[in-house]
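**Q**
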Amino acid sequence: MSFARRLESLDRRWIFLVMGLLVLGPLIFPLPLPITVSPRVKGFSDAIDAVPEGSTVLLACDWDPGGKPEMQPMTRTALRHLFSRKCKVVITCLWNGGPGIVDETCRGVADQMGKKYGVDWIDLGYKAGNEAVMVLMGQSIGNTFTEDIHGQKSADFPIMRGVKNYSSFPLLVSISSGYPGTKEYMQQVQGRFHIKVVAGVTAVSAPEFYPYLQSHQLLGLLGGMAGAAEYEKARGESGDATRGMVPQSFAHLFVALCILAGNAVQWMKARENRS
Numbered sequence: 001m002s003f004a005r006r007l008e009s010l011d012r013r014w015i016f017l018v019m020g021l022l023v024l025g026p027l028i029f030p031l032p033l034p035i036t037v038s039p040r041v042k043g044f045s046d047a048i049d050a051v052p053e054g055s056t057v058l059l060a061c062d063w064d065p066g067g068k069p070e071m072q073p074m075t076r077t078a079l080r081h082l083f084s085r086k087c088k089v090v091i092t093c094l095w096n097g098g099p100g101i102v103d104e105t106c107r108g109v110a111d112q113m114g115k116k117y118g119v120d121w122i123d124l125g126y127k128a129g130n131e132a133v134m135v136l137m138g139q140s141i142g143n144t145f146t147e148d149i150h151g152q153k154s155a156d157f158p159i160m161r162g163v164k165n166y167s168s169f170p171l172l173v174s175i176s177s178g179y180p181g182t183k184e185y186m187q188q189v190q191g192r193f194h195i196k197v198v199a200g201v202t203a204v205s206a207p208e209f210y211p212y213l214q215s216h217q218l219l220g221l222l223g224g225m226a227g228a229a230e231y232e233k234a235r236g237e238s239g240d241a242t243r244g245m246v247p248q249s250f251a252h253l254f255v256a257l258c259i260l261a262g263n264a265v266q267w268m269k270a271r272e273n274r275s
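Sequential numbering of the sequence shown, starting at 1, is according to the numbering used here.
1. Find the nearest neighbour of Pro65 within the set Gly239, Ser177 and Asn263, judged by alpha-carbon distance.
2. Candidates Val173, Leu253 and Leu221: which alpha carbon is nearest Thr202's?
3. Less than 7 Å between the C-beta atoms of Val41 and Gly227, yes or no?
4. Any idea if Asp49 is buried or exposed, counting beta-carbon neighbours within 10 angstroms, 16 or more meaning buried?
5. Taking contact to mean 3 or more Cβ pairs, one atom from each stretch, closer than 8 Å, check whether the region 5-18 and the region 251-267 are in contact.
6. Quick check on Pro26: buried or exposed, where buried means 16 or more other Cβ atoms within 10 Å of its Cβ?
7. Is the separation between the beta-carbon of Glu131 and that of Glu184 shorter than 7 Å?
8. Under the assumption that Gly138 contacts Val197 (Cβ atoms under 8 Å), give the Cβ distance between them as a whole number of angstroms.
9. Could you check how far apart the C-beta atoms of Asp103 and Ile28 are, in whole angstroms? I think they sit under 8 Å.
10. Within 10 Å of its beta-carbon, does Phe145 have 16 or more other beta-carbons around it, so buried, or fewer, so exposed?
11. Using three-state DSSP, classify Lys164 as helix, strand or coil.
12. With a threshold of 8 Å, are at least 3 pairs of Cβ atoms found where one atom belongs to the region 45-64 and the other to the region 8-24?
13. By Cβ distance below 8 Å, which residues in the same chain neighbour Met74 in space, the five residues on each side in sequence not counted?
14. Please identify the residue among Gly98, Leu219 and Gly236 whose C-alpha is closest to the C-alpha of Val173.
15. Please classify Gly129: is it buried, with 16 or more other beta-carbons within 10 angstroms of its beta-carbon, or exposed?
16. Asp64 by DSSP, collapsed to three states: which one?
17. Leaving out five residues before and five after Phe193 in sequence, what residues of the same chain have Cβ atoms less than 8 Å from its Cβ?
18. From what residue to what residue does the beta strand (DSSP E) around Ile91 run?
19. Under the rule that 16 or more other beta-carbon atoms within 10 Å means buried, what is Arg113, buried or exposed?
20. Over what stretch of residues does the beta strand (DSSP E) that includes Ala199 continue unbroken?
21. Tell me the rounded alpha-carbon separation between Thr92 and Ile35.
22. Tyr179 by DSSP, collapsed to three states: which one?
23. Among Met134, Cys106 and Val135, whose alpha-carbon lies nearest the alpha-carbon of Ile122?
Below, the structure is given as C-alpha cells:
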C-alpha cells in the first residue's frame, strides 16, 4: 500500500488523541507565549484609563454560557480595570440565558476587590426587548430597569441616584457574543445618544466592527480570546485568556496541518491514478 493510501486509512482516533494532548498538555504544563498588544486593544484600555476617577460606567454584558471562554475573561479584566479607576459600574444583560453567569462573574471580581453591592456596583439583570430596551435606556434607565437582578427596587440603591440615562455615563463598555449586543448598541445608541463606546466581541465577529474603529465610532475592540489575552497583557495580568492562548494556538496549528495533509494525500492519489 502506498504512503498516501496508508495516511488516508489512518484511524481518526489518533487525530483525536493528538488534539487532546495538544490542548491538555499546555493546560497542565503552562508554556509562555509572546503576546503583542494591538492598537485596537490599546484603544480599549486607553479609553477606560481616560474615564475620570469616580465616574459611573455602563457595562453591558450580552452573553451566556456558550460564550464563556471568550467573554468571561474580557468581563473580568474590564471590571477589574474599572474598579481600579475607582469607577462605579452599572451592569445590564439583554440575553435571557446570561444573567446568572454574568452576575456570578462580576460578583467574584467585586468581592475580590472589596467592592460593595449597591454602592460601587449594581447588576440590573435581564430585560426583554432587545433594541427597544437600548432606546428606552436613553430616556430613563431607572424606568427601564425598575428592579435589580435580585428583585429589589433599583432606585433604592445609592449608586442609582445619579443615573438618569446614557448622559450619566462617560463610557459604555459592551461585552457581547451576538444579537442583541455591540452591533445594535452601535446602530441604535452610539450615534443617537453620543456616548463613547468600547467593545469586546467573539473572534469570528470581530472583523465586522473594524469599520466602526476606522470611523472612530468605536474607541477600542477586543476580538475573542486573543483580544482578551492582549488586554490582560496591557494590564500586566495573566488570566484565563493568557493561559488559554497556548492550547488554542496549538489546536489551530494542528488543524491547519491536517488540512494540508489531507490535500497532499488527494494530490498523491491523483498522481497514482494517472500513472
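Where is the CB? At the ideal position from N, CA and C, for every residue including glycine.
**A** On the basis of the supplied data:
1. Of Gly239, Ser177 and Asn263, the smallest CA-CA separation from Pro65 is found for Ser177.
2. Considering only alpha carbons, the answer is Leu221.
3. By the CB criterion at 7 Å, Val41 and Gly227 fall inside the cutoff.
4. With fewer than 16 other CB atoms across the displayed protein chains lying within 10 angstroms of its CB, Asp49 is exposed.
5. Taking one beta carbon from each stretch, the region 5-18 and the region 251-267 have 3 or more pairs nearer than 8 Å; the two touch.
6. So Pro26 counts as buried.
7. Yes, the pair counts as a contact, with Cβ atoms nearer than the cut-off.
8. Wrong, their Cβ atoms sit about 13 Å apart, outside the cutoff.
9. Contact annotation, Asp103 with Ile28: C-beta distance approximately 31 Å; criterion of less than 8 Å not satisfied.
10. Answer is buried; the Cβ neighbour count reaches 16.
11. Coil, per DSSP.
12. The region 45-64 makes no contact with the region 8-24: fewer than 3 CB pairs, one atom from each, lie closer than 8 Å.
13. So the list reads Ile175, Gly200, Leu222, Gly227, Ala228, Tyr231 and Ala241, once near-sequence residues are dropped.
14. Minimum Cα distance to Val173 is reached at Leu219.
15. Exposed.
16. Coil.
17. Excluding residues within five positions, the ones whose Cβ falls inside 8 Å are Gly138, Asn165, Tyr166 and Ser167.
18. Run containing Ile91: Lys88 to Cys93, per the beta strand (DSSP E) assignment.
19. The question names Arg, yet the displayed sequence has Met at residue 113. Around the beta carbon of Met113, a 10 Å sphere encloses fewer than 16 other beta carbons of the protein chains shown; the residue is thus reported as exposed.
20. DSSP places Ala199 inside the beta strand (DSSP E), whose first and last residues are Val197 to Val201.
21. CA-CA distance, Thr92 to Ile35, rounds to 31 Å.
22. In the three-state reduction of the DSSP assignment, Tyr179 falls in the coil class, being assigned neither a helical nor a strand state.
23. Of Met134, Cys106 and Val135, the residue nearest in Cα terms is Cys106.
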